[in-house]
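Numbering (the working numbering), first residue to last: 1 to 725.
All C-beta atoms in this analysis are idealised placements derived from N, C-alpha and C, irrespective of residue type, glycine included.
Worksheet: the structure to be examined is printed underneath.
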Amino acid sequence: AGTYTATLKAASGCDSVVTLKVTVNANLTSSRDTTVCAAQLPFTWNGQSIASAGTYTATLKAASGCDSVITLKVNVSPNLTSSKDTTVCAAQLPFTWNGQSITAAGTFTATLKAASGCDSVVTLKVNISPNLASSKDTTVCAAQLPFSWNSQSISAAGTFTATLKAASGCDSVVTLKVNVSPNLTSSKDTTVCTAQLPFTWNGQSISAAGTFTAALKAASGCDSVATLKVMLSGNLSSTANFEICSSQLPMAWHGRSLTAAGTYTAVVKTAQGCDSTLTLLLFVNDIQRSTTNKTLCESAFPYQWNGRSLTGPGTYTTTLEAMNGCDSIATLNLTMRPQPRSIREASTCASTYTLPDGRVVNASGTYQSNIPSPLGCDSIITTNLVLHKVPKLNINTPATACTGSTVNITASGVTSGSDQGLQLSYWRNASTTDPLTNAASITAAGTYYIKAVNGNGCSIVKPVTVNFTNRPVLLVTNPAAVCFPNTVDLTNPVITSGSEPGISFTYWLDTAGTEPVLNPKAVGISGVYYIRGANAGNCATIRPVSVNVLVEKAQNGIRYPTITSQPNTPVQLEARRFTPGNTYQWFPPKGLSATTIRRPVFQSNEETEYTVEINSESGCKTVDTVKIRLNIGCGDIYVPNAWSPNRDGHNDNLMPLTDRPITLKFFRVFNRWGQLMFETQQLGKGWDGMFGGQPQVKDVYTWTLEATGDNGCYYFKAGNALLLR
């Protein structure tokens, strides 16, 4: 990317500086891992239906117009199940279990929410027992005998039973097995965390695992020996290695945001309630970069590089995926070796022409020749070729004139039948070195020469013979051309000025004088006319009068298509061309390289409307108009990267903001699973963080928008925003 300039040669001969500003927008990528419950499948993400675990991608369009690739890795957490059997008395029915009223034996299920957020299905198998039974062993000191138990007097060791009525209404058969011992003993196993040491038990400080005893005096008077078996549950620790790309930072881990490679620890509680220390060895792979320099001939463009078509020199970058899965940025510094160019103007009176590359052509036109260059790039020669044919000159011998009069060999009748538009000159010799100054009023018989030159510069010379008899002298001067609707007065004495005095004039459409001009004072049609002069002796001379008389009609002015340009950027203007002899005048002069040429160059930072006055050789005027409009710029659309919908009147809605009038085609917000949360086409309306009537959780959400500006600018943007609560 960068700014480049080139100097060209304008039609006026002046230098024209062209500036090109190249901006390169790189493609964007992002990735995200998510875990969903099996029951949440399928779900929709960026227009895709996700029905199973896997890795999915979606390509969005960024504001720069480049692709933004989002990758979603989906893990599926299965539903959990558990079961339990229970037996109850009939009198205990009904009872409530997980919101259900159990009224009979059977198998019942309840769906709960597990810690993972997925459904947990619990099954309860209920059995009904009408009677309950229980038994108990007891050891008593001999001194405690006899003792009373359920209205029975127990005075010796043995097995005793009693039938009771339980509160539930079931019969309860209680069995008591009595052992008599002079001393009582008890034991207990316990497991404690290392961090809970030491602790006190029956006056002892327990600081390690082992079996401990305490001699106590029971209320019955028997010695009671208590035994405690202590087992230790040590702190747990684990270490994990994790490798990510630098573009995936920051990374969330047990409530922390990790922003760089390193070793991190976290302490969590085990199922026994002990501390468990987790260690994470985080490795970060940096973006790999490579740079290539390349020079190409101008003709080699466009150049294909990594799927892109490059149309000119500059610095280009693209983001690829390296072998380690991270982004790899490749840079290409592309320069262009310009092809030498030249323009050759060729004009010749011939039927063929040989071009610089050896080709022989037989028609006018623009030809391009590629000449190999020692630098390796072709040299381009453009030939603007005009082939002109030799003009056709037809000579008609003038009528014999009266003696003493003149013969006008410039009259159109003399060269009638020749090509139109020839430029004629008159000479005394065939080599055209002795000009004939009185070609329109020759007074001596003889052979003269007419040279005809067409508009292409090709010429031919032919002789014309002049004879005299006794006729009056008649001189005719062609009148000046006039513009429509003006007319020419053939009776104007200026036209016949210098003729023999005393002759009378008549006006005709033909040299024979058979078709008279109906109104010689107001001739309004272009053509050839004739004046006949007769003297008193009835000797007459007839001469053409309008070989150069044209009644021209001015062209109507038009408005050229409006030209749009960047400020201070050269733009070639071009006026119409009617005839080779047109002259031009542009107004106003500001911002133009010249004001009196057909193709001036505009360069300014102000929009301007110009008029160009086009004048013909005969004075006819045409006025055209053209307007130059400047493209001032597009402006930008901004979407905040965070918002807090707490209804405090500040940043409550996520919406696009702009400094120019735009038409919003859509603004959409998605959650991390690609579900559409909000959409609008109304500028100034935003998302308040609610979906389905519920406030959404604090998280990062993705947005996209498409819009057009009042100045024709197009916007397509995407990004992320954090919902804060």
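The distance from the Cβ of A330 to that of T318 is about 5 Å, consistent with a contact at the 8 Å cut-off. The beta carbon of S151 sits closer than 8 Å to the beta carbons of A162 from its chain, once the five residues preceding and following it are set aside; these are given in chain order. Beyond the five residues adjoining it in sequence on each side, R344 comes within less than 8 Å, by CB distance, of P356, I381, T382, T383 and N384 in the same chain, given in chain order.
The three-state reading of DSSP puts S246 in helix, counting H, G and I together.
Contact between I563 and R629 holds, since their C-beta atoms are separated by about 7 Å, short of 8 Å. Closest by C-alpha distance to K61, out of N454, S425, A156 and K717, is K717. S290 and Q585 have their C-alpha atoms roughly 56 Å apart. Residue A215 holds the alpha-carbon nearest to the alpha-carbon of V225 among A215, M231, V126 and T680.
When the Cα atoms are used, P146 and A156 turn out to be separated by approximately 7 Å.
With contacts defined as CB atoms closer than 8 Å, Y507 and I531 qualify as a contacting pair. Residue pairing by DSSP places Q304 opposite S309 in a beta bridge. Separation of Q304 and L310 (C-alpha to C-alpha, rounded to the nearest whole angstrom) is 6 Å. The DSSP-derived three-state label of S101 is strand. Ranked by Cα distance from A133, the first of T87, V126, A642 and S504 is T87. When DSSP reads this structure, R647 sits in no beta bridge, so it has no partner. When the alpha-carbon of S31 is set against those of W201, S148, S101 and P250, the nearest one is in P250. Nearest to M677 by alpha-carbon distance, out of V669, L683 and G684, is V669. Between V173 and L232, the gap from beta carbon to beta carbon reaches 8 Å or more.
The Cβ atoms of V74 and A53 sit closer than 8 Å to each other. Take the alpha-carbon of T704 and the one of A300: they are about 38 Å apart. Residue ranges of uninterrupted beta strand (DSSP E) with 3 or more members, entirely inside the region 378–455 and ordered along the chain, are 379–387, 423–427 and 446–453. Relative to the Cα of I614, the nearest Cα in the group E706, L41, C483 and Q555 belongs to Q555. Beta-bridge analysis with DSSP links I558 to no other residue. For M231, the enclosing beta strand (DSSP E) covers residues D223 to S233.
Under the DSSP assignment, Y610 falls in the beta strand (DSSP E) whose first and last residues are T608 to N615.
Every beta strand (DSSP E) of 3 residues or more that sits fully in the region 450–515 is shown, in chain order, as 459–466 and 504–508. W149 has its alpha-carbon roughly 26 Å from the corresponding atom of S129. In this structure the region 431–447 lies against the region 392–410, because at least three pairs of beta carbons, one per stretch, are closer than 8 Å. The straight-line gap separating the alpha-carbon atoms of C326 and T702 is approximately 22 Å. P313 is the residue among T109, P313 and W45 whose C-alpha sits nearest the C-alpha of T3. The beta carbon of F691 sits closer than 7 Å to the beta carbons of M677 from its chain, once the five residues preceding and following it are set aside; these are given in chain order.
The residues N75 and S77, in chain order, have a CB closer than 7 Å to that of T35 in the same chain once the five nearest residues on each side in sequence are set aside. By the Cβ-count criterion, R471 is buried, with 16 or more other Cβ atoms from all chains shown falling within 10 Å of its own Cβ. Note: C193 is bridge-paired with S233 in the DSSP secondary-structure output. Partner residues in the beta bridge of D624, as assigned by DSSP, are V612. Between the C-alpha atoms of G498 and P570 there is a straight-line separation of about 57 Å.
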